[in-house]
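Reviewing the structure listed below.
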């Protein structure tokens, strides 16, 4: 057990060191010129503070004690000048730091966003949306906090401490020596707490991600909550999580709360020692009142940055944990190497499934969503896939979109393995109209254009007409410039927006997953009439909801338990008197 714990400690140290080194290489070094500039400015701040101590000493000894009015006038002007110089420089440092931090934060977030957008679909299916939001903002912010702020603060505060220590030694070497020897005692409480704080920060981060994901789910499912009147149930769930977070955070706050008073006590003992020894030396006449007051000022000025350093180290424990999460995402490899995806093909081409078997992640090994499926979709023909829920219909589409590439068998387009086709080329060839229609908080025009951003407005209008959406849009005050979102349109209207996107994109291969499931029969007939016109000379595959809409396709595939159990035209399958015939006879049976 001890060996195991020791290995864990060693791994944690290596991980922490690795993260800090990567942050330094990735973000600190590219901005080193700004840090050097701040360091130079900080030296001037240190000189100004040293000048203030020097002026105060002479003001007391030569001005007040010596009752020299001319000295008082000159030294007051010097004091004001020193304070003015110090604060002008601090203002410059503040502006440079603000620009650096904001620009760095933007770069860090964009790098993470670029990585997240390139993640494959399974990653997003296995990660809660609330967690993703937390990752984007908190993880990025933590890296930014570690990249420059600690270094800038250490430089500024370190230079101040060095100058103040120099002033203290100049004023009283004996008093300074004792203070320098006891100063490390200030860090003892902090060093003991660091390990506990880092472990608690990891636990808090995990629980925060879970909690935010649950909260996000609750608000996304608010219609369901209201429908089943489960407000009290949701409150109980969230209260339980809140209590857990409260306890963990309380532990961290209690540990942090110990550090400040212990640090302050150590500083208080140091200042108490200075007052005691300084008073004795003044009584003996070995130092002047000016020396003593200046020494006190220098001591306080030196201890302030030391306190900030301690607070920074304490806060950095959480930032290190979050930064580890940031780099863990950057290092995640969820996709095939781009080197494998270089082939471009031109449609129309046949799509061949050969002995394809597939099970979703975390699905039992012997449970297949697709089980040895073999079929060739010929170019420029129409197909329909029907079957009960869970029979594998949508899974075929997901594999064809290359969202999942861990399957047995092969899928080829024009003889080229799907896994080797360039992603941009595959996207141009295939368009999926899904059941899950998403509407951005944007204008209708830009929502439809999303499938082909370079399209003209006239093309968008033409596509919306074919999708039976134009008449509705024309009734709106701002027409195509009207802003919409997920809550402003009905299910049928959202579906028509999605169909308009597909029409606008004009891909040679169209996949329709229940394209009219939210539409009434009248609108459905109109849209299918339009689709027949626009799908000429295209390969069309439809997952059917109503069997009456797919009777004219060239071939119907009937799926059951991950296998193609029947195939043929509508009439052929009716004559076969198998599963399709039974489904057809049910008329109103819902096929999902």
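In our numbering, the protein residues as written are 11 to 602.
Just so you know, even glycine gets a beta-carbon here, dropped at the ideal spot from N, CA and C.
From what residue to what residue does the beta strand (DSSP E) around residue 568 run? 565 to 570
Item to check | Outcome for residue 288 when other beta-carbon atoms lying within 10 angstroms are tallied against a minimum of 16 | outcome: buried
Could you name the residues of the same chain whose beta carbon sits closer than 7 Å to that of residue 411, not counting the 5 residues immediately before and after it, in chain order?
440 and 442
Going by C-alpha distance, which of 389, 386, 368 and 391 is nearest residue 380?
368
> Nearest-angstrom Cα distance between residue 92 and residue 278?
Replying inline: 28 Å
Distance check for residue 310 and residue 70, CA to CA, integer angstroms please.
18 Å
Practice task
Given a cut-off of 8 Å, decide if residue 409 and residue 366 are closer than it, judged by their beta-carbon atoms.
Solution key: yes
Where the alpha helix (DSSP H) through residue 324 begins and ends
299 to 340
* So residue 361 packs on residue 426, CB below 8 Å; how close in whole Å? -> Incorrect: roughly 11 Å between the Cβ atoms, too far for contact.
Check your understanding: What's the C-alpha gap between residue 222 and residue 496?
Key -> 21 Å
- request: Please confirm whether residue 398 and residue 521 have their CB atoms less than 8 Å apart.
  value: no
- Message: Suppose you measure from the CA of residue 462 to the CA of residue 259; what does that come to, to the nearest Å?
- Response: 48 Å
Exercise. Between the C-alpha atoms of residue 301 and residue 174, what's the straight-line distance to the nearest angstrom?
Worked result: 14 Å
Spatially closest choice to residue 475 from 580, 396 and 513, by CA coordinates:
513
- Query: Is there at least one non-hydrogen atom of the ligand GTP closer than 7 Å to the beta-carbon of residue 525?
  - Reply: No copy of the ligand GTP occurs in the structure displayed, which carries no ligand at all.
- Task: Can you check DSSP and say which residues form a bridge with residue 353?
- Result: 431
Exercise for review: Drop a sphere of 10 angstroms on the beta-carbon of residue 114, count the other beta-carbons inside from all chains shown, and report buried for 16 or more, exposed for fewer.
Suggested key: buried
Query raised in the report: Considering residue 252, what are the terminal residues of the alpha helix (DSSP H) in which it resides?
Result: 241 to 294
Keeping to the same chain, check which residues put their C-beta closer than 8 Å to that of residue 101; ignore five residues upstream and five downstream. none
### Message
What residue range does the beta strand (DSSP E) around residue 364 cover?
### Response
361 to 368
Note to self: Can you tell me whether residue 363 is buried or exposed? The criterion is at least 16 other CB atoms within 10 Å of its CB, across all chains shown.
What the structure shows: buried
- Secondary structure at residue 213, three-state DSSP: helix, strand or coil? helix
TODO: Sort out for me which residues DSSP pairs residue 452 with in a bridge.
DONE: 494
Less than 8 Å between the beta carbons of residue 62 and residue 89, yes or no?
yes
| said: I need the boundaries of the alpha helix (DSSP H) containing residue 61, first residue and last residue. | reply: 42 to 68
- Message: Please report the distance separating the alpha-carbon of residue 235 from that of residue 585.
- Response: 47 Å
- prompt: Is residue 422 helix, strand or coil when you go by DSSP?
  reply: strand
#### Entry: Residue burial classification, residue 557 (beta-carbon count within 10 angstroms, cutoff 16)
buried
For the alpha helix (DSSP H) holding residue 524, just list the boundary residues, first then last. Looking at the DSSP string, residue 524 is not in any alpha helix (DSSP H), and its letter there is neither H nor E.
Beta-ladder partner(s) of residue 590, from DSSP:
Looking at the DSSP assignment, residue 590 forms no beta bridge with any residue, so it has no partner.
**Request:** Go through its chain and collect everything with a Cβ distance to residue 518's Cβ below 7 Å, but skip five positions before and after it.
**Result:** 357, 358, 439, 548 and 549
With distances taken between CB atoms, is the gap from residue 171 to residue 267 smaller than 8 Å?
no
In the DSSP assignment, what residue or residues form a beta bridge with residue 386?
362
In the DSSP output, what is residue 393 paired with across the bridge? 551 and 565
request  = Tell me where the beta strand (DSSP E) around residue 574 begins and ends.
outcome  = 573 to 578
* residue 170 lies in the beta strand (DSSP E); which residues open and close that run? -> Careful: residue 170 lies outside any beta strand (DSSP E), inside the alpha helix (DSSP H) at 159 to 181.
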